[in-house]
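Trainee: Protein chains in written order, with the numbering used here: chain A, 1060 to 1411; chain B, 1060 to 1411.
Glycine included, each C-beta is placed from N, C-alpha and C at the ideal position.
2 protein chains.
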Amino acid sequence: MSEHPNIQEAKRPERATADTVAKLAGVSRVAVSRAFNPHASLKKEKRDLILKIAKELGYTPDMAGRALVTRRSHLVGVIVPDVCSPWESQEIDALTTALQGEGFATLLFKTRTDQSMDERLLTYMKGFNLDSIIAFAENVSPDTLTHSLGRAVPIYVSYSEDGSLPNQPGSTSVFDRLIVDQKTGIDQAVALMQAYGCRNFAYLGGTTTSLANTERERAFKCIMKERGLPDPLVLQGDYTYETALASTLDLFKVGEGVDGIFSANDVGAFGVIDALRFQLGLRVPEDVKVVGFDDIAQSGWLSYNLTTVKIDLEDRVRALVRLILRRLKDPNAPAMTETLQTRLIVRGTVGS
Amino acid sequence: MSEHPNIQEAKRPERATADTVAKLAGVSRVAVSRAFNPHASLKKEKRDLILKIAKELGYTPDMAGRALVTRRSHLVGVIVPDVCSPWESQEIDALTTALQGEGFATLLFKTRTDQSMDERLLTYMKGFNLDSIIAFAENVSPDTLTHSLGRAVPIYVSYSEDGSLPNQPGSTSVFDRLIVDQKTGIDQAVALMQAYGCRNFAYLGGTTTSLANTERERAFKCIMKERGLPDPLVLQGDYTYETALASTLDLFKVGEGVDGIFSANDVGAFGVIDALRFQLGLRVPEDVKVVGFDDIAQSGWLSYNLTTVKIDLEDRVRALVRLILRRLKDPNAPAMTETLQTRLIVRGTVGS
DNA sequence: TTGTAGGCGTTATCAG
DNA sequence: CTGATAACGCCTACAA
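Spelled out as structure tokens, the structure:
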């Protein structure tokens, strides 16, 4: 249709490239690159011109091309067993917001809870050249990650300071850790339950392979002992509502029941409460007191109004992002650590 | 430390590249590439050898390099206002699983609900060269997406067949649609409520700018009319528990109340129920009947046990993935459409 | 401050 | 079936 038919014009509109912008601005390709890099030196008016033309053409630097040479993909991988578990989705939400603010995008990977990290998933992930990896799935050791994930730097969330990390001795891999000190919050929970007369406690666990669960159980038992309370019953769980419900029914139908239940997570506590109220005809908190862990949004809903140990999500995400950025700035820095506190949020499931 | 000090050896172990594998296998770089592409022709034993050596070296093709030439990033962008909203997180979970199975990774982007799509976010996203984009945020028109997102193909979820799409007339952009037929499910809901004696209805909306909400309200009113029922009261909402709770309190404290409430989503219905039961001293379903929309996992929890209109998540995700794959196979195919049905799940919040 | 040359890791193309 | 060569879009290094 144009006066001088041109093969290029026949093609459908391709994405504008740096060359296109350069040609229109009468500068070199490199100048365009510099215009988009704040640190590069470039005469202000030239930069402004380039940016203006780029905007008109809808040009954006291609991350793939950039990643090839800078070795920074600006991609952060997040490994989760269940995006739809409330706690995880709330964490992913906050994390994505924070990372986006720093120019990183969140890449989601799912792994099954019930088995150890799939090797195929790892090699698959490696292909994307992630800058960092946050493994919420606790069935994967940081060594495995370090070993199989190129330049990505894993961050490991652990729940005690004495290094209960599943890494082989003699490992040379450096990994950063976010330590969650759960003892404070759990102690407050036990104290409150004890004060309201609980004598027989049960601990409803999460997935047994989960480090968070293992450490939570250990801390709970330890605190029970410190307070001169008898060893708690331990109920099998997997962080789900359904299992929590079933385990609670078992506890009261087969056994003699208890008067205080501490659940490894909030969703489990919901299952406990519903089993007590709707299947066993018991009152919460009058007959049985219940405490959860996480303080997800749903715990504030009036039907549950759950007393629970809170991990501050904003703090947690900020700490994670700090770790990521510091590690990216200096890949050879020694292992870094951030510590997080927990505290009890008192609502209506412990009382008289 | 080695006998012949070598500069390369001094560096810390870099990721293995195709050349490394090629050298060790005694083949060309291209052969390595072919070994990882099932369709390429390569003698079986040669492929096996290459794959074996690649595994030993921990080599995986680099997606960035590959994307540069194939123009396929294997990245699918998902735009959401709230990852932590249960419905969205459940959808993202299912979608990630499905996409992962097809070799695509899910890239998460957050946009604020309360304002139209940020242009900065769009250019930011473009840089990642997404293969496809699913906009759950309904405040962004497909035209905007098509215009500013290079080769990515947006998929649009709409809620009526008569094209209530916010695209400018004269637009030439092709976009695929997933149509959710909500009338069937809503009609079943109204029929049930009516059968149990509801006379005065209220509709609790979601975010007013949300297409899902607009169409849900329209369908609800339309069905009310068809059944000879009076126009429903419309309550302001934004899909959140808190707002639903407050709106319900208003409704009964300022006005005369109603005996049937239809909420634009399940979480809103939870807020309604809790307001009725815990703040207003009313019984559900005896005094007021409540129906939700979505059928999230929490709706089955005994404290709510919500009667709700279900969109089958598995169906929905399968349809989305079908659209993505078909469009990727033939970028110039005419616009495609998938349709989804809804149906009522009867639980305990409508009855006598 | 600016431009030129080279290469990041991969696949498409073409020749054998 | 296989290999050499030339891109893909970008940035770093160097030279002017």
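Please report whether the beta-carbon of Asp1297 (chain A) lies at a distance below 8 Å from any beta-carbon of chain B.
Mentor: In the first sequence, counting from the first residue as 1, residue 1297 (chain A) sits at position 238. No, Asp1297 (chain A) does not count as interfacial toward chain B.
Trainee: Kindly indicate if chain A contains any beta-carbon less than 8 Å away from that of Cys1257 (chain B).
Mentor: Counting from 1 along the second sequence, the entry for residue 1257 (chain B) is found at position 198. Chain A contact via Cβ: absent.
Trainee: Is Thr1076 (chain A) close to chain B? Criterion is C-beta to C-beta, closer than 8 Å.
Mentor: Within the first sequence, numbered from 1, the residue matching residue 1076 (chain A) stands at position 17. Not closer than 8 Å to any Cβ of chain B, the Cβ of Thr1076 (chain A) fails to qualify, so no.
Trainee: Taking only the alpha-carbon atoms, compute the straight-line gap between Arg1406 (chain A) and Asp1353 (chain A) and give it to the nearest angstrom.
Mentor: The residue given as residue 1406 (chain A) occupies position 347 in the first sequence. The residue given as residue 1353 (chain A) occupies position 294 in the first sequence. Arg1406 (chain A) and Asp1353 (chain A): Cα-Cα distance of roughly 14 Å.
Trainee: So, are the CB atoms of Leu1365 (chain B) and Ala1334 (chain B) less than 8 Å apart?
Mentor: Residue mapping note: residue 1365 (chain B) aligns to position 306 of the second sequence, counting from 1. Residue mapping note: residue 1334 (chain B) aligns to position 275 of the second sequence, counting from 1. Cβ distance not < 8 Å, so Leu1365 (chain B) and Ala1334 (chain B) don't count as in contact.
Trainee: Mind listing which residues of the stretch 1333-1344 of chain B have their C-beta closer than 7 Å to chain A's C-betas, in chain order?
Mentor: So the list reads Asp1333, Phe1337, given in the order they occur along the chain.
Trainee: Starting from Thr1129 (chain B), find everything on chain A with Cβ-Cβ shorter than 8 Å and list it in chain order.
Mentor: Position 70 of the second sequence, counted from the start, is the residue given in the question as residue 1129 (chain B). Chain A residues near Thr1129 (chain B): none, gap ~10 Å exceeds 8 Å.
Trainee: My guess is that Ala1084 (chain B) and Arg1093 (chain B) are in contact by the Cβ rule of under 8 Å, so how many angstroms apart are they, rounded?
Mentor: Working through the second sequence from its first residue, we reach residue 1084 (chain B) at position 25. Working through the second sequence from its first residue, we reach residue 1093 (chain B) at position 34. Incorrect: roughly 12 Å between the Cβ atoms, too far for contact.
Trainee: Is it buried or exposed, Glu1397 (chain B), if we count other Cβ atoms within 10 angstroms and call 16 or more buried?
Mentor: Here residue 1397 (chain B) refers to the residue found at position 338 of the second sequence. By the neighbour-count rule (16 or more Cβ atoms within 10 Å), Glu1397 (chain B) is buried.
Trainee: Is there a Cβ of chain A sitting closer than 8 Å to that of Leu1384 (chain B), yes or no?
Mentor: For the purposes of this step, residue 1384 (chain B) is taken as the residue at position 325 of the second sequence. Answer no: the Cβ-Cβ gap between Leu1384 (chain B) and chain A never drops below 8 Å.
Trainee: Inspect the beta-carbon positions of Ala1468 (chain B) and Leu1263 (chain B) and report whether they are closer than 8 Å.
Mentor: Here chain B comprises residues numbered 1060 to 1411, so residue 1468 (chain B) is not present and cannot be evaluated.
Trainee: Can you confirm whether the stretch 1292-1312 of chain B touches the stretch 1329-1343 of chain B when touching is taken to mean that 3 or more C-beta pairs between the two stretches lie within less than 8 Å?
Mentor: Touching, yes, given that three or more Cβ pairs across the two stretches are closer than 8 Å.
Trainee: Say yes only if the C-beta of Ile1151 (chain B) is nearer than 7 Å to one or more non-hydrogen atoms of the ligand ATP, and no if none qualify.
Mentor: With respect to small molecules bound, the structure shown includes none, and the ligand ATP cannot be examined in it.
Trainee: Residues of chain A with CB under 7 Å from Lys1185 (chain B), in chain order?
Mentor: As a working note, residue 1185 (chain B) is residue 126 in the second sequence. Going along chain A in sequence order, the residues near Lys1185 (chain B) (Cβ under 7 Å) are Thr1119.
Trainee: Under 6 Å Cβ to Cβ from Tyr1118 (chain A), same chain only, skipping five residues before and after it: list those, please.
Mentor: If you number the first sequence from 1, residue 1118 (chain A) lands on position 59. Ala1075, Val1080.
Trainee: Could you check what DSSP says for Ser1230 (chain A) in three-state terms: helix, strand or coil?
Mentor: As a first step, residue 1230 (chain A) must be located in the first sequence, where it is residue number 171. Interpretation of Ser1230 (chain A) is limited by its pLDDT of 49, a score under 50 that renders its predicted location unreliable; the figure taken from the coordinates is listed afterwards. Looking at Ser1230 (chain A) - three-state DSSP - the assignment turns out to be coil, as it is neither helix nor strand.
Trainee: What three-state label does DSSP hand Gly1244 (chain B) in the structure shown?
Mentor: Your numbering for residue 1244 (chain B) matches position 185 in the second sequence. Helix at Gly1244 (chain B).
Trainee: Could you list the residues in the stretch 1136-1147 of chain A with a C-beta less than 9 Å from some C-beta on chain B, going in chain order?
Mentor: So the list reads Gly1136, Val1137, Val1139, Asp1141, Val1142, Cys1143, Ser1144, Pro1145, Glu1147, given in the order they occur along the chain.
Trainee: Quick one, which of A:Val1331, A:Thr1129, A:Leu1379, A:Gln1247 has its alpha-carbon nearest Ala1450 (chain A)'s?
Mentor: Absent from the structure is residue 1450 (chain A), since the part of chain A shown begins at 1060 and ends at 1411.
Trainee: Short check: CB of Ile1282 (chain A) to CB of Val1368 (chain A), under 8 Å?
Mentor: Here residue 1282 (chain A) refers to the residue found at position 223 of the first sequence. Here residue 1368 (chain A) refers to the residue found at position 309 of the first sequence. Cβ atoms of Ile1282 (chain A) and Val1368 (chain A): not closer than 8 Å.
Trainee: Anything in chain B within Cβ reach of Gly1124 (chain A), meaning under 7 Å, just list it in chain order.
Mentor: Within the first sequence, residue 1124 (chain A) is the residue found at index 65, counting from 1. The contacting residues are Leu1127.
Trainee: Under 8 Å, do Val1326 (chain B) and Val1349 (chain B) count as touching if we go by C-beta distance?
Mentor: Within the second sequence, numbered from 1, the residue matching residue 1326 (chain B) stands at position 267. Within the second sequence, numbered from 1, the residue matching residue 1349 (chain B) stands at position 290. For Val1326 (chain B) and Val1349 (chain B), no; Cβs fall outside 8 Å.
Trainee: Which chain B residues sit within Cβ distance under 8 Å of Leu1083 (chain A)?
Mentor: Along the first sequence, one-based indexing puts residue 1083 (chain A) at 24. Those within 8 Å of Leu1083 (chain A) in chain B number zero; the least Cβ separation is about 18 Å.
Trainee: If you draw a straight line from the alpha carbon of Ser1358 (chain A) to that of Ser1087 (chain B), how long is it in whole angstroms?
Mentor: On the first sequence, residue 1358 (chain A) is found 299 positions in, with the first residue counted as 1. On the second sequence, residue 1087 (chain B) is found 28 positions in, with the first residue counted as 1. Straight-line Cα distance between these residues: approximately 60 Å.
Trainee: With distances taken from CA atoms, which of B:Glu1345, B:Ala1090, B:Val1135, B:Gln1253 is nearest Phe1163 (chain B)?
Mentor: Working through the second sequence from its first residue, we reach residue 1163 (chain B) at position 104. Comparing Cα-Cα distances from Phe1163 (chain B) to each of B:Glu1345, B:Ala1090, B:Val1135, B:Gln1253, the minimum goes to B:Val1135.
Trainee: Are Phe1168 (chain A) and Gln1149 (chain B) touching if we call contact CB-CB under 8 Å?
Mentor: Taking the first sequence and counting its residues from 1, the one referred to as residue 1168 (chain A) is at position 109. Taking the second sequence and counting its residues from 1, the one referred to as residue 1149 (chain B) is at position 90. Not closer than 8 Å, so no.
Trainee: With 16 as the cutoff for other CB atoms within 10 Å, does Asn1412 (chain A) come out buried or exposed?
Mentor: Because chain A is modelled from 1060 through 1411, residue 1412 (chain A) falls outside the range shown and cannot be assessed.
Trainee: Any beta carbon from chain A within less than 8 Å of Asn1324 (chain B)'s own beta carbon?
Mentor: Counted from its first residue, the second sequence places residue 1324 (chain B) at position 265. Chain A contact via Cβ: absent.
Trainee: Assuming Gly1410 (chain A) contacts Tyr1300 (chain A) (C-beta within less than 8 Å), just tell me the rounded distance between them.
Mentor: Stepping through the first sequence from its first residue, residue 1410 (chain A) is reached at position 351. Stepping through the first sequence from its first residue, residue 1300 (chain A) is reached at position 241. No, Gly1410 (chain A) and Tyr1300 (chain A) are not in contact; Cβ-Cβ is about 23 Å, not under 8 Å.
Trainee: Mapping DSSP to helix, strand and coil, what is Lys1369 (chain B)?
Mentor: Position 310 of the second sequence, counted from the start, is the residue given in the question as residue 1369 (chain B). Here Lys1369 (chain B) sits in strand by DSSP.
Trainee: Give me the residue from A:Leu1127, A:Leu1181, A:Ala1194 with the minimum Cα distance to Pro1140 (chain A).
Mentor: In the first sequence, residue 1140 (chain A) corresponds to position 81, counting from 1. The shortest Cα separation from Pro1140 (chain A) among A:Leu1127, A:Leu1181, A:Ala1194 belongs to A:Ala1194.
Trainee: Buried or exposed: where does Val1089 (chain B) fall if 16 or more other Cβ atoms within 10 Å of its Cβ makes it buried?
Mentor: On the second sequence, position 30 is the one that residue 1089 (chain B) refers to. Burial call: exposed.
Trainee: Kindly indicate which three-state DSSP category Leu1270 (chain A) falls into: helix, strand or coil?
Mentor: Within the first sequence, the letter at position 211 stands for residue 1270 (chain A). Helix, per DSSP.
Trainee: Between Thr1170 (chain A) and Ile1138 (chain A), how many whole angstroms is the CB-CB distance? I'm expecting something under 8 Å.
Mentor: One-based indexing of the first sequence puts residue 1170 (chain A) at position 111. One-based indexing of the first sequence puts residue 1138 (chain A) at position 79. That pair is a contact at about 6 Å.
Trainee: If you measure from the beta carbon of Ser1362 (chain A) to each beta carbon in chain B, is any gap under 8 Å?
Mentor: Here residue 1362 (chain A) refers to the residue found at position 303 when the first sequence is read from its first residue. Yes - at least one Cβ of chain B is within 8 Å of the one on Ser1362 (chain A).
Trainee: Quick one: measure Cβ to Cβ for Tyr1298 (chain A) and Ser1132 (chain A), integer angstroms, because I've assumed they're closer than 8 Å.
Mentor: Here residue 1298 (chain A) refers to the residue found at position 239 of the first sequence. Here residue 1132 (chain A) refers to the residue found at position 73 of the first sequence. Incorrect: roughly 31 Å between the Cβ atoms, too far for contact.
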